[in-house]
Amino acid sequence: MTTAPYKIVIGLEVHVQLSTESKLFCSCETTFGAPPNTQICPVCLGLPGALPVLNRRAVELAIRTGLALHCEIAPETKWDRKNYFYPDLPKGYQISQFDQPICGPGYLDFPDPERDGESLRVRLIRAHLEEDAGKSMHDEAAGRADSRIDLNRTGTPLLEIVSEPDLRSAPAAKAFLTELRLLLTYLGVSDCNMQEGSLRADANVNLHIDKEGRTLATPIVEVKNLNSFRAVERALNYETQRQYDAWLKTGQEMGQAPKQTRGWDDAAGVTVPQREKEESSDYRYFPDPDLVPLHIAAEQLQSLGQGGGQRLEGLPAALRRELETEHGLKPYDADVIVSQGRGVVEYFQSAVSAGAVAKRVSSWIQQDVLRTLNETGGSIETFPVGAARLAELLQAIETGELDNSRGKDVFQYWLTQGVSELSVAKTALGIASVDRGELEALCRELLDENPKVVEQVREGNLKGLGSLIGAAKKKNPNADPKLVRELCQQLIEAL
Amino acid sequence: MSIEQLTALEIGRRIAAGEVSSREVTAHFLQRIEGGNARINAFVHVDPERSLQLAEDADRRLAAGELTSPLAGVPIAIKDILCEEGVPTSCGSRMLEGFAPPYTATAVQRLLDAGMVPLGKTNMDEFAMGGSTETSVYGVSRNPWDLERTPGGSSGGAAAVLAAGLAPLSIGSDTGGSVRQPAAFCGVCGLKPTYGRISRYGLVAFASSLDQVGPLAHTIEDIAACLQVLAGHDPRDSTSLAAEVPQYAAQLGRPLKGLKVGVIREHVEHAALDGAIRLAVERGQQQLAGLGAQIVEVHLPHTQYSVATYYLVAPSEASGNLSRYDGVHYGFRQVGSAGAGAASPLDAMISRSRSVGFGEEVKRRIMLGTFALSSGYYDAYYKKGQQVRRLIANDYQTAFEQVDVLLGPVTPTTAFKLGEKSSDPVQMYLCDLFTVGANLAGVPSLSIPAGLDEKGLPLAVQLQAPVLEEPRLLQVAHQMQRAGFFEQKLANDTL
Ligand SMILES: [Zn+2]
Chain Y
1 MTTAPYKIVI GLEVHVQLST ESKLFCSCET TFGAPPNTQI CPVCLGLPGA
51 LPVLNRRAVE LAIRTGLALH CEIAPETKWD RKNYFYPDLP KGYQISQFDQ
101 PICGPGYLDF PDPERDGESL RVRLIRAHLE EDAGKSMHDE AAGRADSRID
151 LNRTGTPLLE IVSEPDLRSA PAAKAFLTEL RLLLTYLGVS DCNMQEGSLR
201 ADANVNLHID KEGRTLATPI VEVKNLNSFR AVERALNYET QRQYDAWLKT
251 GQEMGQAPKQ TRGWDDAAGV TVPQREKEES SDYRYFPDPD LVPLHIAAEQ
301 LQSLGQGGGQ RLEGLPAALR RELETEHGLK PYDADVIVSQ GRGVVEYFQS
351 AVSAGAVAKR VSSWIQQDVL RTLNETGGSI ETFPVGAARL AELLQAIETG
401 ELDNSRGKDV FQYWLTQGVS ELSVAKTALG IASVDRGELE ALCRELLDEN
451 PKVVEQVREG NLKGLGSLIG AAKKKNPNAD PKLVRELCQQ LIEAL
Chain G
1001 MSIEQLTALE IGRRIAAGEV SSREVTAHFL QRIEGGNARI NAFVHVDPER
1051 SLQLAEDADR RLAAGELTSP LAGVPIAIKD ILCEEGVPTS CGSRMLEGFA
1101 PPYTATAVQR LLDAGMVPLG KTNMDEFAMG GSTETSVYGV SRNPWDLERT
1151 PGGSSGGAAA VLAAGLAPLS IGSDTGGSVR QPAAFCGVCG LKPTYGRISR
1201 YGLVAFASSL DQVGPLAHTI EDIAACLQVL AGHDPRDSTS LAAEVPQYAA
1251 QLGRPLKGLK VGVIREHVEH AALDGAIRLA VERGQQQLAG LGAQIVEVHL
1301 PHTQYSVATY YLVAPSEASG NLSRYDGVHY GFRQVGSAGA GAASPLDAMI
1351 SRSRSVGFGE EVKRRIMLGT FALSSGYYDA YYKKGQQVRR LIANDYQTAF
1401 EQVDVLLGPV TPTTAFKLGE KSSDPVQMYL CDLFTVGANL AGVPSLSIPA
1451 GLDEKGLPLA VQLQAPVLEE PRLLQVAHQM QRAGFFEQKL ANDTL
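In the order they appear, the protein sequences are chains Y and G. Each step along the first sequence adds one to the number in the numbering used here, with nothing skipped, and position 183 is 183. In short: position in the second sequence from 1, add 1000, done, that's the numbering used here.
Dropping the structure here:
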């Protein structure tokens, strides 16, 4: 990549569905997956005479998001009509925000996927509120050419976040979106479910190519239908190569061809040209006379920024910093924990404040807790081994009361038999400390039984010690592997 | 005296006193409609059974002491632009022929809540775009005073049913004079209240920032009583005003001593103004002076731009408001093969449905508005229109710093002949010269009768007051009515 004679330039437009109970301009529910056309009313159906009434909750969520993205919040904002005909747009216009978006310029910092511990910054141009359209379902199978429309989604509040073209690689674009989704999840403003369309990304992409000391730009292409993070990365990689090949063939630069819209075909792994909506160049925006301009008072900003305050404070970037500086975690480990969401972070924090060592907690969360959650599909909030219980176990390991591998046995025991006092689990598993003399006798026995291994170790091949440990655990499950290893080594050397 | 010659309040009083039932009154008007509507084609939808049912409900509720409005049990005619659940509401358009909304407009609901009895839907210019009720899909309405002439428009049916004694009260809508001009042509009172005083929810939108529901009646007391029922904040209309609703009847009796009345020079001296109407305004001036008011001359210097401004603002908003009629979800649909320019069968269907479903005047205004909002023209037309609108509103503000109410003509001429202007839209638009200012400025405005001209056609004058000063407006008009400026008068009854 570093030797490529071009740079990819990416700007993203992200549509986030806000988690309000009702739609942006009516009181219909926004639950996903309801039977078609059951969450509708005269307003979102665009019936004659029906009028929109603003859902203040959506404004609050937009402001909170704006504040977390370091955006300037507009003291006065308004609503505009974006006019175009489409069957899933019942009014013939979408209520959006044209020239006075609720959130002005801001930025988002996120971990650089290509340099551990470093971060990247993408500047944001704006974020505005708008209503979603419905869904058209084209059933052209069996030659019926039937189209059906579901208006349940019509009027659902969206926040459209538009970035500057600051991204320079597909992994960076993916990392940006990952961080954005994490932030929105922490803020609780959206469930960010990409499959259900709560988070949708479009990318504006072109290349800057160095040629004979001059940098030229290829025509901008808007890539739509990016339904997963994987799709984002694949589509951008594909599009980079496609644009470079196209340039080699045609030599076309920006301005020499109109902006193109292409859709990502995930199955085929290609982008394909999309039919332009008619008149898409002129939406004839004008202020919606059915709605009044919205004034956002300084006090309201204050209360959303500070009153809802705890929530604005414990955001991913700050939490990563806390885990690294206060708890001494490596950036990678801090990122893994923070990326799991607020619940896992709180679990970590509780275990640490209950007395467990941060690094050990981190490694147990990553290896045992998260693996179990993955396997069972459970959530940290209902995880049977609570943070205090885990802390108790890890402290016992720390003090040598039991070894790490017996600790895992206890953990498994709790998961399968139910959580109990540590002592109960220890008794049930027959965990008892083995004294040194006893262990030494065990080791001698092992050396007698495995002369070949002894030979190998004497020749400097320490791998054989592993099999001795395994054999020791079979004879006595409470044998501390570390100690067994140590003793065996000493005994062999002394031979 | 026959019931139709009584005021609405007198009918209400007799119903409340048990002298007559709402059912009897309703049956009386239904019978008059049956006999007289064919001549004037003012009602386009009547459902006698439903009206009688509602009348019986009113009688029952009155007996139970549930109704307190002095208009309880009184029948009322509803313009075909206000939604009533399950009742055809077609705005005089083929586009909505047979459309019965699943919900009721707030204004109509308030009438129902007060125990008033809808008699049916009255004819109008298609989507309220016109001044003669000649563009309705139901055919032209006729002026009861002279069947060769227009009753005015767009609320032509609403005014005609009063003049013909087919209903004791009416409600219409006024976007640029659509209540006041037909009231003037038919010799009745018509009020356009302050913008936002009556909810627009369920009023099929023409130009959202100008539309306002308004009552038509024979007397000022009736107007005040009906306004009392209609006015008030509606959470479903974001532009509805939160201001408290005063008791409109309370101030009617106050003397005018010390009140300052401004005669609008640009209106009374306008070259297009009919001599008889100018004389009527002068008569009004003299009478007001006789009642103790001080008469001064005032200016609305931007009057000459008001029609042009109106015909930029209103069609622009209309072009958006009428986009919802696309043949997809409800209303008229025409399927056809994709012709030249249509990209798909879907585009062809939308295009054909609109081409056939809308009449010429509606299409003209949609095109005017679409043009005014188009990129490259927006600044020169829509934006300029908004700027001049502000100047016109400022004119009113300045005038009201000098005077309490404004006096002038409603229309340049009395009712013109059917067909006289229908082929010349500009001539038709110029009829709105004196009425559009109140809509652009949002101020309340009232048309009151002023006797008949030598042809026996009704004359009228217009009174205007500052925002929310309906009490003052009604007070002045009522004092004039008491002094004999006009009296309740039906057109020659040949029933
Ligand atoms: Zn709805």
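We treat Cβ as the ideally placed atom computed from N, Cα and C, and that holds for glycine. All values reported here derive from a predicted model rather than from experimental measurement.
- Close to Leu54(Y), with beta-carbon spacing below 9 Å, are these residues of chain G in chain order: Ser1238.
- Look at the stretch 281-305 of chain Y: the residues with a C-beta under 7 Å from a C-beta of chain G are Asp282, Arg284, Phe286, Pro289, Asp290, Leu291, Val292.
- The beta carbon of Ala1242(G) is closer than 8 Å to those of His1233 in its chain, skipping five residues each way along the sequence.
- Under the DSSP definition of a beta bridge, Gln1462(G) partners with Gly1408(G), Ser1447(G).
- The C-beta of Leu312(Y) comes no closer than 8 Å to any C-beta of chain G.
- Closer than 7 Å to some heavy atom of ligand 1: that describes the Cβ of Cys44(Y).
- Shortest gap from the CB of Lys23(Y) to any heavy atom of ligand 1: under 7 Å.
- Boundaries for Lys91(Y): no alpha helix (DSSP H) harbours it, and the DSSP string shows neither H nor E there.
- Selection Thr271(Y), Gly269(Y), Arg321(Y), Leu495(Y) evaluated against Arg444(Y) yields Leu495(Y) as nearest (Cα-Cα).
- Chain order gives the chain G residues near Arg81(Y) as Gly1320, where near means a beta carbon separation below 8 Å.
- Distances from the CB of Gly155(Y) to the heavy atoms of ligand 1 include at least one below 7 Å.
- Between the stretch 1423-1437 of chain G and the stretch 1246-1257 of chain G, the count of Cβ pairs shorter than 8 Å is below three; the stretches do not touch.
- With contacts defined as CB atoms closer than 8 Å, Ala1042(G) and Pro1168(G) fail to qualify as a contacting pair.
- At least one heavy atom of ligand 1 falls within 7 Å of the beta-carbon of Ile40(Y).
- DSSP places Asn204(Y) in the uninterrupted beta strand (DSSP E) bounded by 199-211.
- For Cys28(Y), the distance from the CB to the nearest heavy atom of ligand 1 is below 7 Å.
- With the rule of 3 Cβ pairs closer than 8 Å, the stretch 1257-1272 of chain G does not count as touching the stretch 1219-1231 of chain G.
- Around Pro87(Y), the beta-carbon contacts reaching into chain G at under 7 Å are Val1328, Leu1346.
- According to DSSP, Phe1043(G) shares a beta bridge with Thr1122(G).
- Around the beta carbon of His138(Y), fewer than 16 other beta carbons lie within 10 angstroms, which makes this residue exposed.
- Taking 8 Å as the CB threshold, Ala1184(G) stays off the interface with chain Y.
- Against Gly1202(G), the close residues of chain Y are Gly49, Ala50, in the order they occur along the chain (beta-carbon pairs closer than 8 Å).
- Of the residues Gly1098(G), Pro1425(G), His1329(G), the one whose Cα lies closest to the Cα of Tyr86(Y) is His1329(G).
- Rounded to the nearest whole angstrom, the CA to CA distance from Ala172(Y) to Gly1320(G) is 41 Å.
- Per the Cβ contact rule, the stretch 1074-1082 of chain G is not in contact with the stretch 11-28 of chain Y (fewer than 3 Cβ pairs under 8 Å).
- Residue state for Phe286(Y) is assigned as strand, using DSSP reduced to three classes.
- By the Cβ neighbour-count rule, Gln302(Y) is exposed, with fewer than 16 other Cβ atoms within 10 Å of its own.
- A residue is called buried once 16 or more other Cβ atoms fall within 10 Å of its Cβ, and Asn206(Y) is buried on that count.
- Gln340(Y) carries a coil assignment under DSSP once its states are collapsed to helix, strand and coil.
- Within a 10 Å sphere around the beta-carbon of His128(Y) sit 16 or more other beta-carbons, which makes this residue buried.
- By the 16-neighbour rule on beta-carbons within 10 angstroms, Lys426(Y) is buried.
- Between Gly92(Y) and chain G, the shortest Cβ-Cβ separation is below 8 Å.
- Using a CB distance cut-off of 8 Å, Cys1083(G) counts as an interface residue toward chain Y.
- Interface residue (Cβ-Cβ distance to chain G less than 8 Å): Leu129(Y) is not classified as such.
- Taking all protein chains shown into account, Leu248(Y) has fewer than 16 neighbouring C-beta atoms within 10 Å of its C-beta and is therefore exposed.
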